[in-house]
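Written out below as structure tokens is the structure these notes cover.
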Amino acid sequence: LGVYKLHTGVDIGASSGSTIRSAKSGWVTVADYSYAYGNYVVVSHGNGEVTLYAHMSSYTVSAGDYVLQGSTLGYVGSTGYSTGPHLHFEIRINGAYTDPLNYFNLNFYFA
């Protein structure tokens, strides 16, 4: 309808309840709920690099936690502005959105 909305990450379809794991080690800076993201977690990896995991059914970490690469962050759901279970995954470097498909092997995120 003539409206363009930037999609800031990649959506990865998965079964509800699938484990979501941290792409890299870092500090959890946000574990919260928003209308758009639903339940979501942000991990800061240093040097201006952060990853965001959204639409979780629930998260298992809190702001201030340190997580290792591969640590469980939560579980796939369909919370927030979502039409079905999936992980919305973002990478930001110094505040700029970066295409995750060019950055990581995405087969890593689900157990």
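The letter at position 38 of the sequence shown is residue 39 when you use my numbering, and the numbering goes up by one with no holes.
Cβ coordinates follow ideal geometry from the N, Cα and C atoms, glycine included.
These numbers were taken from a predicted model, which means no experiment stands behind them.
Spatial neighbours of residue i within its chain, please: C-beta separation below 7 Å, excluding the five flanking residues on both sides.
i    : result
N95  : G49
L102 : V11
P86  : A15, S16, S17, V77, G78 and S79
S63  : V29 and A32
Y60  : A32, N40, V42, L74 and G75
D66  : V29
Taking 6 Å as the limit between beta carbons, can you name the residues of its chain near residue i, skipping five residues before and five after?
i    : result
H89  : G10, D12, A55 and H56
G81  : A37, Y38, G39 and H56
I92  : T52, T99, P101 and Y104
F111 : Any reading at F111 must be qualified, since the residue scores a pLDDT of 49, below 50, and its modelled position is unreliable; no value is offered.
Y1   : Residue 1 is absent from the structure shown; the chain starts at 2 and stops at 112.
S58  : Y76 and G78
Indicate whether residue i and residue j have their beta-carbon atoms separated by less than 8 Å.
i   : j   : result
S45 : G18 : no
V68 : A15 : no
G75 : V31 : no
S72 : S23 : yes
Residue range of the beta strand (DSSP E) that residue i falls in?
i   : result
H8  : Run containing H8: none; DSSP gives neither H nor E here.
V42 : G39 to G47
L88 : H87 to I94
V62 : Looking at the DSSP string, V62 is not in any beta strand (DSSP E), and its letter there is neither H nor E.
T30 : G27 to S35
Excluding five sequence neighbours on each side, which residues of the same chain lie with their C-beta closer than 8 Å to the C-beta of residue i?
i  : result
Y5 : Legend: pLDDT at Y5 = 49, less than 50; position of this residue unreliable, value from coordinates given subsequently. Closer than 8 Å at the Cβ level, and outside the excluded window around Y5, lies no residue.
Between residue i and chain C, is the shortest Cβ-Cβ distance under 8 Å, so that the two count as touching?
i   : result
G71 : The chain inventory of the structure shown lacks chain C, comprising one protein chain alone.
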